[in-house]
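These protein sequence lines map, in sequence, to chains A and B. Take the first sequence: its position 71, counting from 1, is numbered 70 in numbering that gives the first Met the number 0, and each next residue is one higher. Take the second sequence: its position 102, counting from 1, is numbered 101 in numbering that gives the first Met the number 0, and each next residue is one higher. Think of the CB as a built atom: it goes at the ideal place given N, C-alpha and C, for glycine as much as any other residue.
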Amino acid sequence: MNTQRRKVLKSGSAAGLFGLLVAAGLITTQQAQAAGWDKPAFEAKAMDEALKALGAGKPADSKDIQISGPDIAENGAVVPVGVKSALADTEFIAILIEKNPSMLAASFTLPAGTMADVSTRVKMGQTSNVFALVKAGGSFYMVSKEIKVTLGGCGG
Amino acid sequence: MAGPMRIRAASNGTETEVKILMSHDMETGQRKDASGALVPAHHITELTATHNGRVVLAAQFGPAVSKNPYLQFKFAGGAKGDKVNVSWVDNKGDKRTDEVVVA
């Protein structure tokens, strides 16, 4: 038997299946969604790296941004953190945790009409500064708050 | 598959406050199981909220967002009876969409 011919037929049918999946929209939709997630920013280990990935450069300090959260969090697995910005045209908010394995925890894109006031809950491995990065009117601003953690959130 | 989200949207006439509680493990990829093997990361990556079809919030989550993520935000406008739709997708391609009527 001609084995080479068998192989060619097999690989041919595999390619056919792939094409079928793409045609059915099964693969393309997943790839499209993966592309939307800012992987380099979320995998950045250092502050400079994360800011660069977010296109923030060197953000300025601002008194108009407030981070709400506990001063001491008993359970690092669930730390409530809120960010509120009084800056006009706030269009983007990101929460970064300095001592987590990857600094960026979450980012929010706010279309016009959405208030610059978001709250969520994050995990913290240890006591750390929590940063709120805000983009308003095309410029980046950043403030920080230290949250002490008595029980880390990464031990499971 | 993930369970349904619990969503509340309340309007005070000028703005609508939305509170979302998702049901997701949010595995970080740092944790080890009993045999010492790393548990692969499994977390929500993107979330989109729409009000009557218009996007009011687009969020991206990393693994540092807590298990069963909670999210709260506000947008201008929104009246009782309007629809707020929230959908998320995770890093394994699982997705979930839920809708709530503004109260």
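Sub-9 angstroms separation of residue i and residue j beta-carbons
i	j	result
residue 91 of chain A	residue 106 of chain A	yes
residue 115 of chain A	residue 89 of chain A	yes
residue 58 of chain A	residue 139 of chain A	yes
residue 67 of chain B	residue 37 of chain B	no
residue 71 of chain A	residue 121 of chain A	no
residue 1 of chain B	residue 95 of chain B	yes
Residue from the options whose Cα sits closest to the Cα of residue i
i	options	result
residue 113 of chain A	B:5, B:74, B:83, B:2	B:74
residue 39 of chain A	A:85, A:69, A:103	A:103
residue 65 of chain A	A:77, A:146, A:76, A:82	A:82
residue 119 of chain A	B:3, B:52, B:46	B:46
residue 54 of chain A	A:93, A:126, A:124	A:93
residue 67 of chain A	A:73, A:74, A:84	A:84
residue 96 of chain A	A:123, A:110, A:148	A:123
residue 76 of chain A	A:35, A:134, A:126	A:126
residue 52 of chain B	B:31, B:64, B:77, B:69	B:77
residue 110 of chain A	B:95, B:50, B:6	B:50
residue 50 of chain A	A:141, A:145, A:135	A:141
residue 61 of chain A	A:150, A:145, A:132	A:132
residue 8 of chain B	B:83, B:87, B:65, B:93	B:83
residue 148 of chain B	A:70, A:147, A:99, A:108	Outside the displayed range of chain B (0 to 102) lies residue 148 of chain B, so it cannot be described from this structure.
residue 93 of chain B	B:58, B:10, B:23, B:35	B:23
residue 100 of chain B	B:87, B:80, B:88	B:80
residue 58 of chain B	A:117, A:48, A:70	A:117
residue 35 of chain A	B:15, B:60, B:13	B:60
Unbroken alpha helix (DSSP H) run spanning residue i, endpoints
i	result
residue 50 of chain A	46-52
residue 35 of chain A	25-35
residue 18 of chain B	Not the alpha helix (DSSP H): residue 18 of chain B falls in the beta strand (DSSP E), residues 14-20.
residue 39 of chain A	38-42
Chain-ordered neighbours of residue i on chain E, where CB pairs are closer than 8 angstroms
i	result
residue 127 of chain A	Structure shown: chain E not included; protein chains present are A and B.
Contact set for residue i: own chain, Cβ-Cβ below 6 angstroms, skip 5 residues either direction
i	result
residue 48 of chain B	55, 56, 85
residue 5 of chain B	20
residue 143 of chain A	128, 130
residue 145 of chain A	128
residue 135 of chain A	86, 88, 89
residue 3 of chain B	97
residue 69 of chain B	20
residue 33 of chain A	Summary for residue 33 of chain A: the model assigns pLDDT 42, below 50, so the residue's position carries little reliability, and this model does not support an answer.
residue 24 of chain A	With a pLDDT of 45 at residue 24 of chain A, under the threshold of 50, the modelled position of this residue cannot be trusted; read the value that follows with caution. Nothing listed; no residue qualifies.
Cβ neighbours of residue i in the same chain (closer than 7 angstroms, five flanking residues each side left out)
i	result
residue 101 of chain A	41, 42, 43, 44
residue 90 of chain B	40, 41, 42, 44
residue 72 of chain B	17, 56
residue 12 of chain B	none
residue 150 of chain A	73, 74, 75
residue 63 of chain A	84, 85, 86
Proximal residues to residue i (C-beta, below 8 angstroms), its chain only, five neighbours per side dropped
i	result
residue 62 of chain B	25, 26, 27, 28, 29, 40, 42
residue 29 of chain A	Unreliable positioning characterises residue 29 of chain A in this predicted model, as indicated by a pLDDT of 41, which lies under 50. A coordinate reading is not provided.
Strand pairing of residue i, partner residues [DSSP]
i	result
residue 121 of chain A	A:78, B:64
residue 84 of chain A	A:64
residue 99 of chain B	B:83
residue 160 of chain A	Past the edges of chain A, shown from 0 to 155, lies residue 160 of chain A, and the structure says nothing about it.
residue 109 of chain A	In the DSSP output, where bridge partners are listed per residue, residue 109 of chain A has none listed.
residue 53 of chain B	B:50
residue 58 of chain B	A:107, B:46
residue 31 of chain B	B:37
residue 26 of chain B	B:41
Range covered by the beta strand (DSSP E) that runs through residue i
i	result
residue 9 of chain B	5-10
residue 73 of chain B	69-75
residue 115 of chain A	Careful: residue 115 of chain A lies outside any beta strand (DSSP E) and carries neither H nor E.
residue 90 of chain A	89-96
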